[in-house]
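Asker:
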Ligand SMILES: [Zn+2]
Ligand SMILES: [Zn+2]
């Protein structure tokens with residue numbers, strides 16, 4: 615499906631395109647409501663002592679591996695080209711990213727690069743300048759998508775990426791089938807639906823909370839912030855002001871205490887020879903972009 619560079623409702627004018635938009639918005643709405651219902655059901659089952667250790671382990675493991683797919687694979691490797699990986703590792707990372715169920719890799723990259731290009735200005739897909747609800751989930755419910763031809767053209771020519779773009783929703787189904795196969799219905803609830811709830815809202819929170827609350831360490835010309843809670847649960851993505859200052863850096867935690875699990879994984883892959891060409895931010899570049907407060911404190 616060809617997509618334009620404006621909010622979906624503006625350019626989708628034919629009946630077929632309108633129907634597709636309606637179905638997309640309905641699917642997105644269900645994709646937000648159903649996981650929330652699942653969290654309530656999971657809480658009731660826990661209250662009745664019907665949650666097992668296996669369910670919680672499934673939640674933790676499925677969250678971790680799919681979040682690694684999103685952060686290490688989709689975001690830092692594919693979208694920002696912070697490093698390159700061996701083909702088998704690249705395949706696994708992209709498969710895990712698709713299992714997360716957020717998006718196919720090309721749509722993810724295009725929408726995200728448009729966010730970087732227009733950050734907190736007119737045309738940003740999800741800026742709190744348009745309201746916190748819009749920044750968190752409203753943009754997603756409206757079916758926003760940036761034009762891949764404009765923002766991620768090189769990915770459309772990549773055979774492995776095109777394969778995952780075509781098969782993304784099968785991998786998403788695998789992300790629910792695995793916990794069901796291991797843990798039955800409660801495994802599906804925790805490792806599938808509750809995990810998906812956490813994944814989407816942590817990801818959405820990077821867009822909303824990390825552009826409103828937290829600490830500014832670098833001059834970026836936008837409202838991006840470093841927020842430590844999301845730095846931990848988002849596997850390092852919460853160091854979002856660092857990321858906007860140096861988008862190509864595969865490491866978002868730039869101080870020793872800025873926990874960056876995705877960055878540790880990338881460093882580990884590089885040490886094993888499975889990742890290479892890691893983009894490095896020079897100390898001079900860091901110094902040049904530090905905010906005045908930090909410079910004055912030195
Ligand atoms: Zn941002
Ligand atoms: Zn980014």
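Numbering (our numbering), first residue to last: 615 to 912.
The C-beta atom is built at its ideal place from N, Cα and C for all residues, glycine as well.
For residue 741 versus residue 838, is the C-beta spacing smaller than 8 Å?
Answerer: Taking the chain shown and counting its residues from 1, one reaches residue 741 at position 127. Taking the chain shown and counting its residues from 1, one reaches residue 838 at position 224. No.
Asker: Under the assumption that residue 684 contacts residue 834 (Cβ atoms under 8 Å), give the Cβ distance between them as a whole number of angstroms.
Answerer: In the chain shown, residue 684 corresponds to position 70, counting from 1. In the chain shown, residue 834 corresponds to position 220, counting from 1. 22 Å between Cβ atoms; not a contact.
Asker: Indicate whether the contact test is met: 3 or more Cβ pairs, each with one atom in the segment 775-786 and one in the segment 711-718, closer than 8 Å.
Answerer: Touching, per the Cβ criterion.
Asker: So, is residue 854 buried or exposed, given that buried needs 16 or more other C-beta atoms within 10 angstroms?
Answerer: On the chain shown, residue 854 is found 240 positions in, with the first residue counted as 1. With 16 or more other Cβ atoms within 10 Å, it is buried.
Asker: Under the three-state reduction of DSSP, which class applies to residue 853: helix, strand or coil?
Answerer: To locate residue 853, count along the chain shown from 1; it is residue 239. In the structure shown, residue 853 sits in a strand (DSSP, three-state: E or B).
Asker: CB of residue 719 to nearest heavy atom of ligand 2: below 7 Å?
Answerer: Reading the chain shown from its first residue, position 105 is the one you call residue 719. The answer is no for residue 719.
Asker: Which one or two residues does DSSP pair with residue 832 in a beta bridge?
Answerer: The sequence position of residue 832 within the chain shown is 218, counting from 1. Per DSSP, 904.
Asker: Cβ of residue 895 within 8 Å of Cβ of residue 832?
Answerer: Residue numbering aside, residue 895 sits at position 281 when the chain shown is read from its first letter. Residue numbering aside, residue 832 sits at position 218 when the chain shown is read from its first letter. Going by C-beta atoms, residue 895 is not nearer than 8 Å to residue 832.
Asker: Just to confirm before moving on: does the CB-CB distance between residue 813 and residue 725 stay below 8 Å?
Answerer: Within the chain shown, the letter at position 199 stands for residue 813. Within the chain shown, the letter at position 111 stands for residue 725. Going by C-beta atoms, residue 813 is not nearer than 8 Å to residue 725.
Asker: Contact between the segment 795-815 and the segment 646-653 is defined here as three or more beta-carbon pairs at a separation below 8 Å; is this criterion met?
Answerer: Judged by Cβ distances under 8 Å, the segment 795-815 makes contact with the segment 646-653, as three or more pairs qualify.
Asker: Counting only runs of 4+ residues fully inside the segment 655-687, write out the alpha helix (DSSP H) ranges in chain order.
Answerer: As far as the segment 655-687 is concerned, its whole alpha helix (DSSP H) runs of at least 4 residues are 667-682.
Asker: Quick check: the Cα distance between residue 880 and residue 860, rounded to an integer number of angstroms?
Answerer: As a working note, residue 880 is residue 266 in the chain shown. As a working note, residue 860 is residue 246 in the chain shown. Going from the Cα of residue 880 to the Cα of residue 860 covers about 16 Å.
Asker: Cβ of residue 680 versus every heavy atom of ligand 2: is any distance shorter than 7 Å?
Answerer: In the chain shown, residue 680 corresponds to position 66, counting from 1. No; taking the cut-off as 7 Å, the Cβ of residue 680 has no heavy atom of ligand 2 nearer than that.
Asker: The alpha helix (DSSP H) spanning residue 727 covers which residue range?
Answerer: On the chain shown, residue 727 is found 113 positions in, with the first residue counted as 1. Run containing residue 727: 719-731, per the alpha helix (DSSP H) assignment.
Asker: Among the residues of its own chain, which have a CB less than 7 Å from the CB of residue 914, if the five just before and after it don't count?
Answerer: Absent from the model: residue 914. The displayed extent of the chain is 615 to 912, so no value can be given.
Asker: Cα-Cα, which of 850, 670, 731 and 868 is closest to residue 903?
Answerer: Counted from its first residue, the chain shown places residue 903 at position 289. Minimum Cα distance to residue 903 is reached at 868.
Asker: Roughly how many angstroms separate the alpha carbons of residue 663 and residue 678, rounded to a whole number?
Answerer: As a position in the chain shown, residue 663 is number 49, starting the count at 1. As a position in the chain shown, residue 678 is number 64, starting the count at 1. So the alpha carbons of these two residues sit roughly 25 Å apart.
Asker: Does the beta-carbon of residue 733, which I'm using as the reference point, lie nearer than 7 Å to any heavy atom of ligand 1?
Answerer: Numbered from its first residue, the chain shown carries residue 733 at position 119. Yes, since a heavy atom of ligand 1 falls inside the 7 Å radius drawn around the Cβ of residue 733.
Asker: To the nearest angstrom, how far is the alpha carbon of residue 770 from that of residue 722?
Answerer: The residue labelled residue 770 in the question sits at position 156 within the chain shown. The residue labelled residue 722 in the question sits at position 108 within the chain shown. Using only the alpha carbons, I get a separation of about 13 Å.
Asker: Give the C-beta separation of residue 807 and residue 649 to the nearest angstrom, bearing in mind that I take them to be a contact with Cβ-Cβ under 8 Å.
Answerer: Here residue 807 is taken as the residue at index 193 of the chain shown, counted from 1. Here residue 649 is taken as the residue at index 35 of the chain shown, counted from 1. Indeed they touch by this definition, with Cβ atoms about 5 Å apart.
Asker: Touch check for the segment 842-851 and the segment 743-755: three-plus C-beta pairs under 8 Å?
Answerer: Contact between the segment 842-851 and the segment 743-755 is absent, because fewer than three Cβ pairs lie under 8 Å.
Asker: Looking at C-alpha atoms only, which residue of 825, 828, 691 and 714 is the closest neighbour of residue 884?
Answerer: Taking the chain shown and counting its residues from 1, one reaches residue 884 at position 270. Of the candidates 825, 828, 691 and 714, the one whose C-alpha sits nearest the C-alpha of residue 884 is 691.
Asker: Does ligand 2 have even one heavy atom less than 7 Å from the beta-carbon of residue 726?
Answerer: Taking the first residue of the chain shown as 1, we reach residue 726 at position 112. Indeed, a heavy atom of ligand 2 lies less than 7 Å from the Cβ.
Asker: Would residue 726 pass as an interface residue toward chain C - the criterion being a Cβ-Cβ separation below 8 Å?
Answerer: The chain inventory of the structure shown lacks chain C, comprising one protein chain alone.
Asker: I need the straight-line Cα distance from residue 897 to residue 693, nearest angstrom please.
Answerer: Translated into positions along the chain shown, residue 897 becomes position 283. Translated into positions along the chain shown, residue 693 becomes position 79. The alpha-carbon atoms of residue 897 and residue 693 are separated by roughly 24 Å.
Asker: Sort 862, 800, 776 and 874 by Cα distance to residue 673 and report the nearest one.
Answerer: Along the chain shown, one-based indexing puts residue 673 at 59. Residue 800 is the option with its Cα nearest to residue 673.
Asker: Any heavy atom of ligand 2 closer than 7 Å to the Cβ of residue 764?
Answerer: By one-based count along the chain shown, residue 764 stands at place 150. Answer for residue 764: no, Cβ out of range of ligand 2.
Asker: By how many angstroms is the C-alpha of residue 669 removed from the C-alpha of residue 778?
Answerer: Walking along the chain shown from the start, residue 778 turns up at place 164. Walking along the chain shown from the start, residue 669 turns up at place 55. Taking the straight line joining both Cα atoms gives about 29 Å.
Asker: Between 695, 846 and 644, which has its C-alpha nearest residue 889's C-alpha?
Answerer: Taking the first residue of the chain shown as 1, we reach residue 889 at position 275. For the residues 695, 846 and 644, the minimum Cα distance to residue 889 belongs to 695.
Asker: Just to confirm, does residue 838 get its C-beta within under 7 Å of one of the non-hydrogen atoms of ligand 1?
Answerer: As a position in the chain shown, residue 838 is number 224, starting the count at 1. Yes, Cβ of residue 838 sits closer than 7 Å to a heavy atom of ligand 1.
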